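This report concerns only the one structure given below.
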Amino acid sequence: MKITVGVKNIREAIFFLQNGADEIYFGFNKLKNNRTTRENFTCKRDVLKLLEISKEKNRKVLLAINEIIHEKDFKETLSIIEEFKKHGLGGIIVRDPAFLCYLKKKKFRFYCVLSTLANSFNFNALKFYVDLGISRVVLPMQLTFENAEKIINNSLNIETEIFCQPLYWGVNVDSKCFLPCPQTGRKEDSFLRDYPCLFKFKTSENYDFVMPMPNLSYLLGSFYDYYHGGVNYVKVARWSNFLRQADVFFKVKYLLELLRKKITREAFVAININTRPLNYGQTFTYKSI
Amino acid sequence: MGRLLLISPSELKNLDLKILSSYNYIGVGSEFCQNQIPNINELNVLLRKSSGLIKKIIVATSIMTDKGLKMWMDFFEKLKILKISNEVIINDFGLLYPLKDQFKIYIGRIMARDFFNISKDWAIKFFKNNNIVGIEADTMQLYRDFLRFEIPILWHRKHSFVAITTYCPFERHFRNNCNKSCVGKNVILNHKDIKYPLFLYEKAYLKENKTKIPLNVSIIVDSFFSI
Numbered sequence: 108m109k110i111t112v113g114v115k116n117i118r119e120a121i122f123f124l125q126n127g128a129d130e131i132y133f134g135f136n137k138l139k140n141n142r143t144t145r146e147n148f149t150c151k152r153d154v155l156k157l158l159e160i161s162k163e164k165n166r167k168v169l170l171a172i173n174e175i176i177h178e179k180d181f182k183e184t185l186s187i188i189e190e191f192k193k194h195g196l197g198g199i200i201v202r203d204p205a206f207l208c209y210l211k212k213k214k215f216r217f218y219c220v221l222s223t224l225a226n227s228f229n230f231n232a233l234k235f236y237v238d239l240g241i242s243r244v245v246l247p248m249q250l251t252f253e254n255a256e257k258i259i260n261n262s263l264n265i266e267t268e269i270f271c272q273p274l275y276w277g278v279n280v281d282s283k284c285f286l287p288c289p290q291t292g293r294k295e296d297s298f299l300r301d302y303p304c305l306f307k308f309k310t311s312e313n314y315d316f317v318m319p320m321p322n323l324s325y326l327l328g329s330f331y332d333y334y335h336g337g338v339n340y341v342k343v344a345r346w347s348n349f350l351r352q353a354d355v356f357f358k359v360k361y362l363l364e365l366l367r368k369k370i371t372r373e374a375f376v377a378i379n380i381n382t383r384p385l386n387y388g389q390t391f392t393y394k395s396i
Numbered sequence: 002m003g004r005l006l007l008i009s010p011s012e013l014k015n016l017d018l019k020i021l022s023s024y025n026y027i028g029v030g031s032e033f034c035q036n037q038i039p040n041i042n043e044l045n046v047l048l049r050k051s052s053g054l055i056k057k058i059i060v061a062t063s064i065m066t067d068k069g070l071k072m073w074m075d076f077f078e079k080l081k082i083l084k085i086s087n088e089v090i091i092n093d094f095g096l097l098y099p100l101k102d103q104f105k106i107y108i109g110r111i112m113a114r115d116f117f118n119i120s121k122d123w124a125i126k127f128f129k130n131n132n133i134v135g136i137e138a139d140t141m142q143l144y145r146d147f148l149r150f151e152i153p154i155l156w157h158r159k160h161s162f163v164a165i166t167t168y169c170p171f172e173r174h175f176r177n178n179c180n181k182s183c184v185g186k187n188v189i190l191n192h193k194d195i196k197y198p199l200f201l202y203e204k205a206y207l208k209e210n211k212t213k214i215p216l217n218v219s220i221i222v223d224s225f226f227s228i
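Read top to bottom, the protein sequences are chains A and B. In terms of our numbering, the first sequence is residues 108 to 396. In terms of our numbering, the second sequence is residues 2 to 228.
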């Protein structure tokens with residue numbers, strides 16, 4: 108299982124590549140993706156530098172364009188991708204079926220990764236996108252191994268990628284959650300102290316309620332099964348707070364190391380790992396290096 | 002302007018048919034949970050008893066895992082044979098291939114989010130190729146965007162959806178069979194940082210839809226718990 112890491116700038120890319128990332132992905136402000144401006148590369152010069160560094164280290168780089176793209180922007184988007192491809196870009200992360208159709212129509216062959224935001228919860232949904240030309244699928248964060256076998260063992264040569272669910276868990280289905288959120292970068296959401304999906308709510312009967320997540324043991328078990336089931340990649344997504352992302356990255360490396368050393372499932376699910384920031388009521392902070 | 006009442010299979014059991022006099026269509030199933038598969042016999046009884054009251058039964062479906070999809074495909078086979086309904090609301094691309102040749106399809110409000118701002122040319126072709134006859138909306142932003150597709154828009158009147166999970170908030174699992182612990186439970190959630198109460202219904206969190214019904218909707222949708 109390889110590690111693919113999202114980066115917000117060159118310094119982060121160098122850091123993660125030097126510390127063992129197998130692949131890097133990034134967003135570019137001129138192209139629609141689901142991150143805020145400050146989480147994306149802002150100038151072409153930096154992108155070209157990133158591609159040069161990754162080429163020297165023989166690592167693949169992907170570009171995230173994982174939002175629905177306005178039709179009027181298709182031509183320019185493709186033009187930018189083509190330019191980056193000439194400088195070594197290894198593929199794109201997409202979710203827009205209309206854009207995939209456009210690439211097919213233009214006979215532009217490229218390594219396309221289907222974003223987790225496309226919510227491919229079943230094999231048929233995957234097949235819909237395979238017909239549009241994808242080569243890899245990022246499984247939904249909420250799809251655990253018990254429901255993913257048919258996708259993982261697909262007969263279509265599609266590579267699979269997951270989040271490290273013990274450390275990255277979407278309390279609600281990604282791309283289908285419209286709670287106010289500090290991650291949107293919107294001014295009206297900036298006062299929020301944490302992700303609302305991690306809040307402690309009060310019911311009308313005055314009971315406490317938290318939006319539930321599976322327990323750590325279950326999620327470790329799912330990750331164990333995914334590893335042994337042959338999933339190709341684990342994603343360490345861009346996190347607004349670099350130190351937190353680095354922390355998660357090293358924890359993922361640690362878990363993979365244990366799996367490579369053939370730890371038993373029983374021992375793996377009993378690991379006591381600190382899952383911050385995925386804890387209820389933690390403070391959300393923005394910090395990049 | 003038509004009116005559709007959307008109810009779960011559990012709600013169907015206790016349905017007073019008099020309520021149907023205010024509706025043209027009845028939707029049975031769930032937009033939020035794959036475990037809410039209607040009982041074919043109960044649907045057959047509904048079809049018989051409601052004849053003259055409503056024009057048609059529409060089946061509502063949610064996001065699905067492979068195990069859930071298999072259960073639903075068995076159900077659709079029986080539905081086809083008994084000719085109870087030939088219209089389905091889908092919220093998962095995975096249902097297109099198996100259903101498009103034999104059912105008229107509506108894009109449910111969860112899946113409809115994937116069509117916001119999408120290429121109009123592509124969408125129109127996609128709708129035609131996949132027998133899609135309508136699309137749901139529950140916010141003004143979606144409604145305004147979907148007008149360009151020139152297909153019927155179904156408007157959810159009382160509540161718009163805010164978030165959905167596949168991890169059952171009532172029973173805390175992902176299984177495709179359950180004890181239907183959510184039945185009859187409408188949990189209202191409050192937090193000082195969120196300006197509106199959230200309603201937990203099955204696997205979805207909803208909020209009150211304060212938007213006036215837009216002018217050009219074809220069908221108004223009421224969920225049973227919200228009437």
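We put the beta carbon where it would ideally sit given N, CA and C, even for glycine. Every value quoted in this text rests on a predicted model; they were computed, and no experiment measured them.
Does residue i pass the burial test, meaning 16 or more other C-beta atoms within 10 Å, or should it be called exposed?
i, result
"THR144 (chain A)", "exposed"
"ARG110 (chain B)", "buried"
"LYS208 (chain B)", "buried"
"ASP223 (chain B)", "buried"
"GLY127 (chain A)", "exposed"
"ILE8 (chain B)", "buried"
"SER182 (chain B)", "exposed"
"PHE206 (chain A)", "buried"
"HIS335 (chain A)", "exposed"
"ARG202 (chain A)", "buried"
"LYS394 (chain A)", "Bear in mind that the predicted position of LYS394 (chain A) carries a pLDDT of just 44, short of 50, making it too unreliable to give a figure here."
"ALA124 (chain B)", "buried"
"GLY30 (chain B)", "buried"
"LEU83 (chain B)", "exposed"
"GLN100 (chain A)", "As displayed, chain A neither begins before 108 nor continues past 396, which places residue 100 (chain A) out of reach and without an answer."
"CYS150 (chain A)", "exposed"
"VAL341 (chain A)", "buried"
"SER347 (chain A)", "buried"
"ILE396 (chain A)", "For ILE396 (chain A), the pLDDT reaches just 42, beneath the cut-off of 50, and the residue's location in the model is therefore unreliable, although a value from the coordinates is still provided. So ILE396 (chain A) counts as exposed."
"ASN180 (chain B)", "exposed"
"THR390 (chain A)", "Low confidence applies here, because THR390 (chain A) scores a pLDDT of 47, under 50, leaving its location unreliable; read the following figure in that light. By the neighbour-count rule (16 or more Cβ atoms within 10 Å), THR390 (chain A) is not buried but exposed."
Quick one: what's residue i bridged to in DSSP?
i, result
"TRP156 (chain B)", "B:ALA138 and B:ILE221"
"SER52 (chain B)", "B:ILE55"
"TYR26 (chain B)", "B:LEU5 and B:LYS57"
"PHE135 (chain A)", "A:PHE148"
"THR408 (chain A)", "Nothing in the structure corresponds to residue 408 (chain A), since chain A is present only between 108 and 396."
"CYS219 (chain A)", "A:ILE199"
"TYR107 (chain B)", "B:ILE90 and B:GLY135"
"LYS342 (chain A)", "A:THR111 and A:PHE270"
"ILE41 (chain B)", "According to DSSP, ILE41 (chain B) bridges with nothing at all."
"ILE64 (chain B)", "DSSP output for ILE64 (chain B) lists no bridge partner at all."
"ASN177 (chain B)", "In the DSSP output, where bridge partners are listed per residue, ASN177 (chain B) has none listed."
"SER161 (chain B)", "B:LYS208"
"GLU130 (chain A)", "A:THR111 and A:LYS167"
What first and last residue would you give for the alpha helix (DSSP H) that runs through residue i?
i, result
"CYS208 (chain A)", "204 to 212"
"GLY336 (chain A)", "323 to 336"
"VAL376 (chain A)", "372 to 376"
"TYR202 (chain B)", "Unbroken run through TYR202 (chain B) is the beta strand (DSSP E), 199 to 202; no alpha helix (DSSP H)."
"ILE125 (chain B)", "121 to 130"
"SER99 (chain B)", "Position check: residue 99 (chain B) holds Pro in this sequence, whereas Ser was assumed. Start and end: 97 to 100."
"TYR86 (chain A)", "Here chain A covers residues 108 to 396 and nothing more, so residue 86 (chain A) does not appear."
Below 8 Å on the Cβ atoms is my guess for residue i versus residue j; work out the distance and round it to an integer in Å.
i, j, result
"PHE117 (chain B)", "LEU143 (chain B)", "6 Å"
"GLY328 (chain A)", "ARG367 (chain A)", "Contact flag wrong, Cβ pair sits at about 18 Å."
"ILE165 (chain B)", "PRO303 (chain A)", "Not confirmed; about 14 Å, so no contact."
"LEU155 (chain A)", "GLY197 (chain A)", "No, LEU155 (chain A) and GLY197 (chain A) are not in contact; Cβ-Cβ is about 14 Å, not under 8 Å."
"PHE252 (chain A)", "ASP332 (chain A)", "4 Å"
"THR66 (chain B)", "PHE308 (chain A)", "Rounded, the Cβ-Cβ distance is 27 Å, inconsistent with contact."
"ILE64 (chain B)", "ILE90 (chain B)", "About 12 Å; that fails the 8 Å criterion."
Over the uninterrupted beta strand (DSSP E) stretch that includes residue i, give me the two end residues.
i, result
"ALA312 (chain A)", "According to the sequence displayed, residue 312 (chain A) carries Glu and not Ala. Here GLU312 (chain A) belongs to no beta strand (DSSP E), and DSSP marks it neither H nor E."
"THR212 (chain B)", "First-last for THR212 (chain B): undefined, no H or E at that position."
"VAL112 (chain A)", "109 to 114"
"ALA171 (chain A)", "167 to 172"
"ASN1 (chain B)", "Only positions 2 to 228 of chain B appear in the structure, and residue 1 (chain B) is not among them; the question remains open."
Practice task
Would you list, in chain order, the members of the segment 259 to 290 of chain A that have their beta-carbon closer than 8 Å to a beta-carbon of chain B?
Solution key: Answer in chain order: VAL278, ASN279, VAL280, SER282, LYS283, CYS284, PHE285, LEU286 and PRO287.
Handout entry: Interface positions of the segment 152 to 175 of chain A facing chain B (Cβ-Cβ less than 7 Å), listed along the chain
Key = Listed in sequence order: ILE175.
Exercise for the section: With 8 Å as the limit, tell me which residues of the segment 87 to 100 of chain B have their beta carbon closer than that to any beta carbon of chain A; keep them in chain order. Expected result: Going along the segment 87 to 100 of chain B in chain order, one finds ASP93, PHE94, GLY95, LEU96, LEU97, TYR98 and PRO99 with a Cβ nearer than 8 Å to chain A.
Handout entry: the segment 205 to 218 of chain A: positions lying closer than 9 Å to chain B by Cβ
Key = Taking 9 Å as the Cβ-Cβ cut-off against chain B, the residues of the segment 205 to 218 of chain A that qualify are ALA205, PHE206, CYS208 and TYR209.
Handout entry: Contact set between the segment 143 to 171 of chain B and chain A, restricted to residues whose Cβ is under 7 Å from the partner
Key = Of all residues in the segment 143 to 171 of chain B, VAL163, ALA164, ILE165, THR166, THR167, TYR168 and PRO170 have a Cβ within less than 7 Å of some Cβ in chain A.
Problem - Where the segment 46 to 69 of chain B meets chain A: residues whose CB sits under 9 Å from a CB there - result: Those residues of the segment 46 to 69 of chain B that come within reach of chain A (Cβ to Cβ, closer than 9 Å) are ILE64, MET65, THR66, ASP67, LYS68 and GLY69.
Exercise for the section: Return the residues of the segment 315 to 342 of chain A that lie within a Cβ-Cβ distance of less than 8 Å from chain B, sorted by chain order. Expected result: Closer than 8 Å at the C-beta level to chain B, one finds these residues of the segment 315 to 342 of chain A: PHE316, MET318, PRO319, MET320 and PRO321.
Exercise for the section: Compile a chain-ordered list of the residues in the segment 237 to 261 of chain A whose CB is closer than 9 Å to at least one CB of chain B. Expected result: If you check each beta-carbon in the segment 237 to 261 of chain A against every beta-carbon of chain B, the ones closer than 9 Å belong to PRO247, GLN249, LEU250, THR251, GLU253, ASN254, ALA255, GLU256, LYS257 and ILE258.
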